[in-house]
Amino acid sequence: MLRITEVGVVLAAVVFGHLCSGVVSEIHGVTFSAIFSTEDKVSQCLDEEALLRNLDITKSISKRIRMYSIAQCPQNTRIVLDYAKNNGMRVLLGLWISRNKLANANEFFWLDDFALEYKDILDAVIVGNEVIAIQKVPLDDLLAAIAQTRSILEGVNVQVPVTTALIWPVLEDIGLQIAQVTDFICMHVQPFWEGRTAQSSGQYAVDKAAEIEELVGKPVWICETGWPTGGEKCCENRPYAFDGFQAEPTLENAEVFLNDLVRAAKAANRPYFYHEAIDGDWKRMWSPCGECVGLAKDVPIGCAIKEECEVDYHWGLFTSKGVSKVPVP
Numbered sequence: 003m004l005r006i007t008e009v010g011v012v013l014a015a016v017v018f019g020h021l022c023s024g025v026v027s028e029i030h031g032v033t034f035s036a037i038f039s040t041e042d043k044v045s046q047c048l049d050e051e052a053l054l055r056n057l058d059i060t061k062s063i064s065k066r067i068r069m070y071s072i073a074q075c076p077q078n079t080r081i082v083l084d085y086a087k088n089n090g091m092r093v094l095l096g097l098w099i100s101r102n103k104l105a106n107a108n109e110f111f112w113l114d115d116f117a118l119e120y121k122d123i124l125d126a127v128i129v130g131n132e133v134i135a136i137q138k139v140p141l142d143d144l145l146a147a148i149a150q151t152r153s154i155l156e157g158v159n160v161q162v163p164v165t166t167a168l169i170w171p172v173l174e175d176i177g178l179q180i181a182q183v184t185d186f187i188c189m190h191v192q193p194f195w196e197g198r199t200a201q202s203s204g205q206y207a208v209d210k211a212a213e214i215e216e217l218v219g220k221p222v223w224i225c226e227t228g229w230p231t232g233g234e235k236c237c238e239n240r241p242y243a244f245d246g247f248q249a250e251p252t253l254e255n256a257e258v259f260l261n262d263l264v265r266a267a268k269a270a271n272r273p274y275f276y277h278e279a280i281d282g283d284w285k286r287m288w289s290p291c292g293e294c295v296g297l298a299k300d301v302p303i304g305c306a307i308k309e310e311c312e313v314d315y316h317w318g319l320f321t322s323k324g325v326s327k328v329p330v331p
């Protein structure tokens with residue numbers, strides 16, 4: 003097992019080496035997906051040409067990417083990792099964990115192969131994405147998945163930090179337990195979903211990371227934060243959120259948020275991953291109305307009025323066609 007005393011050297015190199023390595027891009031990292039959805043809402047793997055185009059776009063704004071699954075499109079996972087290796091990029095490698103045991107097993111199946119071959123470019127392995135709040139995975143199952151991940155990595159003699167991605171309210175509740183089994187805390191904070199205005203929300207995200215870090219006694223990375231550019235306003239009667247629909251998804255607000263985030267994170271030396279590099283049109287395959295509680299019913303001209311929330315598809319710095327939406331500071 004990669005113990006805390008051993009991983010400390012690895013983690014320190016990641017934070018202080020890569021964060022201060024003189025990378026030209028101002029964005030520490032971005033989230034990235036290698037899939038798309040068809041008109042009948044079936045998930046498919048991006049073809050290689052489109053995937054490489056998206057990677058070229060992403061490389062122009064950051065040298066670090068976060069992936070959420072290695073098994074949904076394993077051939078594309080390899081393309082992404084090859085690209086990162088050949089272009090001096092770093093990767094947070096994600097395992098998509100849910101209540102589907104077979105799908106979980108498929109993620110673990112690919113882990114040893116990818117971890118062994120690409121260990122030199124991996125900053126960490128993230129076991130699950132908001133599995134407590136969204137996937138409703140029991141805590142014991144999450145802890146077991148983290149332990150299994152460590153066992154697989156140990157089996158191929160790969161020393162890579164291990165963590166799980168959780169929203170900050172969950173970390174306030176079980177963060178101490180998570181800290182005992184992870185090498186650092188991977189925190190999600192989305193001021194938009196909390197009904198906040200864009201002004202000073204970047205600073206808020208960085209301050210929240212410091213609060214959780216003090217609470218759990220482990221380094222905290224902001225593994226997902228961003229601001230949408232289109233769709234419905236937020237929020238009304240949403241948990242952990244202000245009422246009044248103060249959070250507006252516009253190009254201008256996304257730029258305000260990004261600039262504030264970059265400034266605040268740099269001042270605090272806080273690693274962060276902006277969500278997301280490219281618009282997530284592929285999310286339409288699941289119509290995530292259950293995640294979109296508290297949104298305004300009216301949407302701007304040009305947005306389809308559907309049962310799902312339109313705003314969930316407009317978080318990218320680029321459109322799905324590769325057109326820049328938000329200037330990078």
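Every number in the working numbering is 2 more than the matching position in the sequence shown, counting from 1. Backbone N, C-alpha and C define an ideal beta-carbon position, used for all residues, glycine too. Please read these numbers as outputs of a predicted model, since none were measured by experiment.
Across which residues does DSSP place residue i in a beta bridge pair?
i, result
"Ser326", "Phe320"
"Tyr274", "Ile224"
"His190", "Ile169 and Glu226"
"Cys236", "Ala249 and Leu297"
"Arg95", "In the sequence on display, residue 95 carries Leu and not Arg. The partner list for Leu95 (beta bridge, DSSP) reads Val127."
Nearest to residue i by CA position, among the options, is which residue?
i, options, result
"Asp185", "Leu178, Pro331 and Pro163", "Pro163"
"Trp50", "Ala200, His30 and Asp84", "At residue 50 the sequence reads Glu, which differs from the Trp that was named. Here the closest residue by C-alpha is Asp84."
"Gln205", "Asp142, Tyr274, Leu144 and Pro241", "Tyr274"
"Ala86", "Ile134, Ser202 and Lys65", "Lys65"
"Val222", "Leu141, Ser62, Ala126 and Asn261", "Ala126"
"Ile37", "Asp58, Leu144, Thr79 and Thr60", "Thr79"
"Leu144", "Trp98, Val158 and Val160", "Trp98"
"Asn159", "Lys121, Ile59, Val325 and Ser202", "Lys121"
Reducing DSSP to helix, strand and coil, say where residue i ends up.
i, result
"Leu253", "helix"
"Asn131", "strand"
"Ile74", "Residue identity check: residue 74 is Gln in the sequence provided, not Ile. Gln74 falls in the coil class under three-state DSSP."
"Glu312", "helix"
"Tyr85", "helix"
"Ile123", "helix"
"Thr165", "strand"
"Phe111", "helix"
"Thr60", "helix"
"Thr33", "strand"
Below 7 Å CB to CB, which residues in the same chain sit around residue i once its five sequence neighbours on both sides are set aside?
i, result
"Lys210", "Trp170 and Val191"
"Pro331", "Glu28, Leu260, Asn261 and Val264"
"Gly296", "Cys236, Cys237, Glu238, Asn239, Arg240 and Ala243"
Among residues of its own chain, excluding the 5 on either side of residue i, which ones have a beta-carbon nearer than 6 Å to its beta-carbon?
i, result
"Gly197", "Cys236, Cys237, Ala243, Phe244, Gln248 and Ala249"
"Gly282", "Tyr315"
"Ala212", "none"
For residue i, which residues of its own chain have a beta-carbon under 8 Å away from its beta-carbon, when the five flanking residues on both sides are left out?
i, result
"Ala167", "Gly96, Ile128, Gly130, Asn131, Glu132, Cys188, Met189, His190, Cys225 and Glu226"
"Leu141", "Ile134, Ile176 and Gln179"
Taking residue i and residue j to be in contact with their CB atoms under 8 Å, please state how far apart those CB atoms are, rounded to whole angstroms.
i, j, result
"Arg68", "Thr33", "5 Å"
"Val258", "Ala298", "Not confirmed; about 20 Å, so no contact."
Counting only C-beta atoms, is residue i closer than 7 Å to chain C at any point?
i, result
"Arg101", "Looking at the structure shown, chain C is missing, and only one protein chain is on hand."
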